[in-house]
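First the structure, in the form of structure tokens, and then the observations on it.
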Amino acid sequence: MTTSTTRALLLCAAVAGPLWSAVSLAQAATREGFDLTRHPLSLLSTGSLGWLQIANFVVGGILLLLGAAGLRRALDGGWAPRLVAVAGAGMIAAGVLVMDPADGFPAGTPAGPGALGPAGIGHLAAGSITFLSLIAACHVLGRRFSREGARGRAVASRVAGTALLLGNLWAMGGGTGGSLTLAVGAITAMLWIAWVAAETALKGRR
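Just so you know, the sequence shown maps onto residues -28 to -1, 1 to 178 in mature numbering (1 follows the signal peptide of the UniProt record, and there is no 0).
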């Protein structure tokens, strides 16, 4: 059985994905000039209300770091908790390093990609680290579930990781609606990590 401390840490990971997703999507639906088919969710960190998304990244990253400690205890170590921890650190860095305004957002910004400053470059690097870590974590969990004979969970893990991989590749390749496919992939992977953490906490898996 998991201890109360381990369960509390796992619940941090269980909250991280849904919280980050809900706050991001709520802003995407309400911020003037934001278009999820053209603008990545990271762009919400710019403008007068940018502090909301900055805080969202930092809080989400801290929750993932805490959750990774819970996963390490509950799953007896392994690569999955380490990868979740790296993803958490990447999210914190992505919050601190703010993306540059671009493509008409915030409202009044000229159309086009815009200038890419040091913070913007750092944000892209942090985002890449986060995405790669989440992709790997999902596939590592898929392999773990396969060994345990949990075929449904193994398939779901691999689907979540592949969704983020394909969404990221499509966005990097400049595909139509790339920001949307990336958002779908990132949210899918984060919600799957959250589900695994919540299930582990509730069932007392070791």
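No residue lacks a Cβ here, since even glycine has one placed at the ideal position from N, Cα and C. Quick caveat: nothing in here was measured; it's all calculated off a predicted structure.
Can residue 13 and residue 161 be called in contact, C-beta distance under 8 Å? The sequence position of residue 13 within the sequence shown is 41, counting from 1. The sequence position of residue 161 within the sequence shown is 189, counting from 1. No; because the gap between Cβ atoms is not below 8 Å, this pair is not in contact.
In three-state DSSP terms, what is residue 117? Translated into the one-based positions of the sequence shown, residue 117 becomes position 145. Residue 117 falls in the helix class under three-state DSSP.
For residue 32, count neighbouring Cβ atoms within 10 angstroms of its own Cβ and tell me buried if that reaches 16, exposed if not. The sequence position of residue 32 within the sequence shown is 60, counting from 1. Buried, by the Cβ-count rule.
Buried or exposed (CB count within 10 angstroms, at least 16 for buried), residue 63: Translated into the one-based positions of the sequence shown, residue 63 becomes position 91. Its Cβ being crowded by 16 or more others within 10 Å, residue 63 is buried.
With DSSP as the reference, label residue 77 as helix, strand or coil. For the purposes of this step, residue 77 is taken as residue 105 along the sequence shown, with counting starting at 1. Three-state DSSP puts residue 77 in a strand.
Give every residue of the same chain whose Cβ lies closer than 7 Å to the Cβ of residue 66, excluding the five residues on either side of it in the sequence, and list them in chain order. Looking up residue 66 in the sequence shown gives position 94. Contacts found: 14, 29, 95, 98, 99, 102.
Compare the Cα-Cα distances from residue 126 to each of 134, 113, 135, 137 and report the closest residue. Taking the first residue of the sequence shown as position 1, residue 126 is located at position 154. Closest option to residue 126, Cα to Cα, is 113.
Alpha carbon of residue 76 to alpha carbon of residue 93, nearest angstrom: Taking the sequence shown and counting its residues from 1, the one referred to as residue 76 is at position 104. Taking the sequence shown and counting its residues from 1, the one referred to as residue 93 is at position 121. One C-alpha to the other measures close to 19 Å.
Please classify residue 4: does DSSP put it in a helix, a strand, or coil? Position 32 of the sequence shown, counting from 1, holds the residue named residue 4. Coil.
On a Cα-Cα basis, can you pick out the residue from 45, 9, 49 that is closest to residue 149? Looking up residue 149 in the sequence shown gives position 177. Taking only the C-alpha atoms, the option nearest residue 149 is 9.
Can you check whether the CB of residue 169 is closer than 8 Å to the CB of residue -16? Here residue -16 is taken as the residue at index 13 of the sequence shown, counted from 1. Here residue 169 is taken as the residue at index 197 of the sequence shown, counted from 1. The answer is yes: Cβ separation under 8 Å.
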